[in-house]
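>
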Amino acid sequence: MSRAAKSPLGVPANAFDAPPGLPAPLPPGEHILWQGRPCAFGIAARALHARLVGLWFVGLALWAALPTLGEGAFGQAALLAGPTLLVGTGAVALLGLLGWLSARSTTYTITNRRVVMRLGIALPMTLNLPFSLIEGAGCKVFTGGSGDLPLRLRRGNRVAYLHLWPHARPWAVTNPEPMMRSVPDAKRAAEILARALSSALDTTEETATPMVIARQRAVRPPRLANAS
1 MSRAAKSPLG VPANAFDAPP GLPAPLPPGE HILWQGRPCA FGIAARALHA
51 RLVGLWFVGL ALWAALPTLG EGAFGQAALL AGPTLLVGTG AVALLGLLGW
101 LSARSTTYTI TNRRVVMRLG IALPMTLNLP FSLIEGAGCK VFTGGSGDLP
151 LRLRRGNRVA YLHLWPHARP WAVTNPEPMM RSVPDAKRAA EILARALSSA
201 LDTTEETATP MVIARQRAVR PPRLANAS
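The numbers in the UniProt record's numbering rise by one with no breaks, and the one at position 70 of the sequence shown is 70.
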């Protein structure tokens with residue numbers, strides 16, 4: 001899901017149209033390095049904890065049915081566990097739907113100058129993170145190749161955790177870290193981001209290097225003292 005010069009989610013009709021996932025056309029000199037969406041299953045399972053919710057309802061159903069199972073009344077046990085399992089199935093399905101909607105409404109973009117995160121189901125918002133605000137990034141790869149890429153911001157730059165969730169590093173509430181969650185082929189995306197950050201850092205250091213210009217001191221001609 002990555003391209004070097006154009007968005008994989010679509011191509012703008014002309015230079016005045018914003019690429020998909022971006023709020024405005026890219027300025028001259030900036031181009032897309034990678035763009036993609038999170039995995040719906042990853043958001044449902046790891047951000048919304050759909051599996052834990054399912055196990056919780058299974059435990060409740062077993063707790064309700066165990067006394068009857070001990071007496072050998074399997075039909076009665078099924079009747080007791082059925083409503084709980086039905087509610088649990090509905091809850092897991094709802095979390096799965098929310099995960100799918102979140103993935104569909106989210107676009108992560110890495111350019112040669114910044115990271116842009118298009119978020120929000122009902123109220124879309126765009127989070128613009130220039131490389132100058134990013135102190136570092138991490139990568140956690142899961143089974144299947146998807147993974148999370150948290151972005152550590154420099155001191156003094158903060159985004160509210162509730163505005164980011166579920167696209168935030170878990171439990172980092174006091175110092176929220178935006179996170180590209182459940183990114184397909186996370187290792188490749190992390191390599192692209194690392195190269196872009198390194199290149200931006202090198203450019204910044206070259207620009208910020210002070211230049212020492214030697215100034216020649218003017219030599220005044222000697223004065224001749226008048227004899228008195």
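Using N, Cα and C, we set each Cβ at its ideal position, and we do this for glycine too.
When you compare only the Cα positions, how much space is there between Arg104 and Ala73?
Whole-angstrom Cα-Cα distance: 46 angstroms.
> Tell me the DSSP bridge mates of Pro178?
DSSP, once it has assigned bridges, lists Ala168 as partnering Pro178.
> How do the segment 177–188 and the segment 24–44 stand: do at least 3 beta-carbon pairs fall below 8 angstroms, yes or no?
Enough Cβ pairs lie closer than 8 angstroms, so yes.
> Are the CB atoms of Met179 and Leu162 nearer to each other than 9 angstroms?
No, the pair does not count as a contact, with Cβ atoms beyond the cut-off.
> Taking the C-alpha atoms as reference points, what is the distance between Thr26 and Leu95?
Position check: residue 26 holds Leu in this sequence, whereas Thr was assumed. Their backbone Cα atoms lie some 35 angstroms apart in a straight line.
> Does DSSP put Asp202 in a helix, a strand or coil?
Here Asp202 sits in helix by DSSP.
> Among Asp202, Ala194 and Trp56, which residue has its Cα nearest to the Cα of Val115?
Checking every option, the nearest Cα to that of Val115 belongs to Ala194.
> Assuming contact is defined by CB atoms lying nearer than 9 angstroms, are Ser132 and Ala200 in contact in what I supplied?
Cβ distance < 9 angstroms, so Ser132 and Ala200 count as in contact.
> Can you check DSSP and say which residues form a bridge with Val92?
Per DSSP, none; premise fails for Val92.
> According to DSSP, is Arg158 helix, strand or coil?
It is coil, neither helix nor strand.
> Within 10 Å of its beta-carbon, does Pro167 have 16 or more other beta-carbons around it, so buried, or fewer, so exposed?
In the sequence on display, residue 167 carries His and not Pro. When all chains shown are included, His167 counts as buried.
> Tell me which same chain residues have a C-beta within less than 7 angstroms of the C-beta of Thr207, skipping the five on either side of it?
At Thr207, the pLDDT of 47 sits below 50, so the modelled position is not reliable; the number obtained from the coordinates is stated separately. No residues qualify anywhere along the chain.
> Give me the DSSP bridge partner(s) of Pro150.
According to DSSP, Pro150 bridges with Met179.
> Is there contact here, the segment 81–98 with the segment 60–73, by at least three beta-carbon pairs under 8 angstroms?
Yes, they touch.
> I'd like to know whether the C-beta atoms of Thr106 and Leu97 end up nearer to each other than 9 angstroms.
Not in contact: Thr106 and Leu97 (Cβ atoms no closer than 9 angstroms).
> In angstroms with no decimal places, state the Cα-to-Cα distance between Gly20 and Ile32.
Per the sequence shown, the amino acid found at residue 20 is Pro instead of Gly. One C-alpha to the other measures close to 11 angstroms.
> At 4 residues or longer, and completely inside the segment 34–86: list those alpha helix (DSSP H) runs for me, N to C.
Correct list: 50–70.
> Would you identify the three-state DSSP class for residue 232, choosing helix, strand or coil?
Outside the modelled stretch of the chain, which goes from 1 to 228, sits residue 232, for which no answer is possible.
> With distances taken Cα to Cα, identify the nearest neighbour of Pro170 among Leu151, Glu135 and Asn128.
Minimum Cα distance to Pro170 is reached at Leu151.
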